[in-house]
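Structure first, commentary second.
Numbering (my numbering), first residue to last: 83 to 517.
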């Protein structure tokens, strides 16, 4: 009987008591001390108590033999005797209790209960029960008092239960069936974060002891950033996991603001040169490799004259207004950055051909004329198209820069595509022409 306390050779009185005591015991009868010893040694890890009720001196001989076995010394031995003749000898040989046939059933029950209470198996069982009770109490308190959201995922049944704060704070149901199996249909996460959360669940289900991610949980019309940690609970096999969702919305939004300040140009709000160049370089070398893209270098014409005539504050306002206009010409996936001063770089991604680039270039040139006072300021655009062989950002920028120089040479306020024959003819860069 796996994981059960074992009683050996129990008389009728003890059997009646044990039945009332409410435990499942293995009751075995052995006829002599050697047989008793063999049986006790075989089941020693599970022994809670040994009852000896062999005839007369045989009980004492068995008691003495049990005392010589290291594995059995801590197991209480109760000796059942018909009278008190051998009681003193039994106690000297190490009996924990002596039950006499003349004693009442109540007295026998009391002495057996006392012996069981001092059993190492019984003490271990009580300790485990206490650990379970304390664990359940701690879990209950955490579930009720924690600022985070505790949840338990029954992996086998694919069922999840969230603490009460989940429904109170976010309005989502506290229990969900088919949690991982039907996860794509769940509605409590932002769509972009659903794959992240699903991957976290799959990692733990596959055997990872712990996994962590940060996702946005929907709340009304908006969402909150939550850090989720999930721990697999493993006995013989993984069957459940416990997780916690902690509110990190303030920290995440502050980090986003800091990152935005580091990535963006302070005046126009576009990506700064470092960020824009890094994003374009990564895209051309990675996801966008082998496809058609257009890199544009846009430069104000005669911007120095505007600053000299109207002041730098007016020049800044003009930069902001032109930025607002040109940003509306491009897709959200395109990359627009301020390279410094009055120069901008733009990557138009994944193009079907050259026509959309020409359309955008004309709009860019027109944006300056609509914004500048009296048409004094215009804009020139140099364009380089990527090739299937690639070449990277630096090569593409050099080509667009040459095309920008050619646009300015042709009279400014226009655009030019790079072709292999373009040269600067001694001018180091179109950046020197800012008059």
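For every residue, glycine included, the Cβ atom is placed at its ideal position computed from N, Cα and C.
- Counted as a single uninterrupted DSSP element, the beta strand (DSSP E) harbouring residue 379 occupies residues 376-383.
- Between residue 120 and the set 147, 343, 141, 393, the nearest pair of CA atoms involves 147.
- 7 Å or more divides the Cβ of residue 328 from the Cβ of residue 297.
- Under the three-state reduction of DSSP, residue 168 is assigned to coil, being neither helix nor strand.
- Judged by their CB atoms, residue 486 and residue 418 are not nearer to each other than the 7 Å cut-off.
- Here residue 294 is bridged, per DSSP, to 311.
- For residue 180, the uninterrupted beta strand (DSSP E) segment begins and ends at 179-182.
- Here DSSP, grouped into helix, strand and coil, assigns residue 262 to coil.
- For residue 419, the uninterrupted beta strand (DSSP E) segment begins and ends at 417-422.
- A residue is called buried when at least 16 other Cβ atoms come within 10 angstroms of its Cβ; residue 375 meets this threshold and is buried.
- Under the three-pair Cβ rule at 8 Å, the stretch 118-134 counts as touching the stretch 154-168.
- In chain order, 459, 460, 461 place their CB closer than 6 Å to the CB of residue 450, counting only its own chain and leaving out the 5 sequence neighbours on each side.
- Here residue 441 is exposed. Its C-beta has fewer than 16 other C-beta atoms within 10 Å.
- In the DSSP annotation of this structure, the continuous segment of the alpha helix (DSSP H) that includes residue 331 starts and ends at 331-345.
- Secondary structure of residue 408 (DSSP, three-state): helix.
- Rounded to the nearest whole angstrom, the C-alpha separation of residue 494 and residue 367 is 32 Å.
- In the DSSP assignment, residue 303 falls outside any alpha helix (DSSP H), carrying neither H nor E.
- Secondary structure at residue 322: strand, using DSSP grouped into helix, strand and coil.
- Residue 379 and residue 428 have their C-alpha atoms spaced approximately 7 Å apart.
- Listed in chain order, the non-local C-beta contacts of residue 446 below 8 Å within the same chain comprise 378, 380, 408, 411, 461, 463, 497, local neighbours out to five positions each way being set aside.
- Residue 401 and residue 349 do touch by the CB rule: their CB atoms are close to 6 Å apart, below 8 Å.
- In the DSSP annotation of this structure, residue 141 is not part of any beta strand (DSSP E); the continuous alpha helix (DSSP H) holding it starts and ends at 139-149.
- Boundaries cannot be given for residue 126, as no beta strand (DSSP E) includes it and DSSP labels it neither H nor E.
- Take residue 240, set aside five residues on each side of it, and the residues of its chain with a beta-carbon closer than 8 Å to its own are 259, 260, 261, 262, 263, in chain order.
- The beta carbon of residue 373 sits closer than 6 Å to the beta carbons of 432 from its chain, once the five residues preceding and following it are set aside; these are given in chain order.
- Note on geometry: alpha-carbon atoms of residue 483 and residue 466 lie some 8 Å from one another.
- Per DSSP, the continuous alpha helix (DSSP H) segment holding residue 367 begins and ends at 355-367.
- By the CB criterion at 7 Å, residue 237 and residue 245 fall outside the cutoff.
- At least 7 Å separates the beta-carbon of residue 171 from that of residue 145.
- Cβ neighbours of residue 308 within its own chain (closer than 8 Å, five residues either side excluded): 231, 296, 297, 298, 299, 327, 328, 329, 330, 331.
- Taking residue 415 as reference, the option from 365, 388, 389 with the minimal CA-CA separation is 365.
- If you draw a straight line from the Cα of residue 197 to the Cα of residue 162, it is about 13 Å long.
- Assigned with DSSP and collapsed to three states, residue 481 falls in helix.
- When 291, 426, 345 are compared, the shortest CA-CA separation from residue 324 is found for 291.
- In this structure, DSSP gives residue 239 a state outside helix and strand, which the three-state scheme calls coil.
- Here DSSP, grouped into helix, strand and coil, assigns residue 117 to helix.
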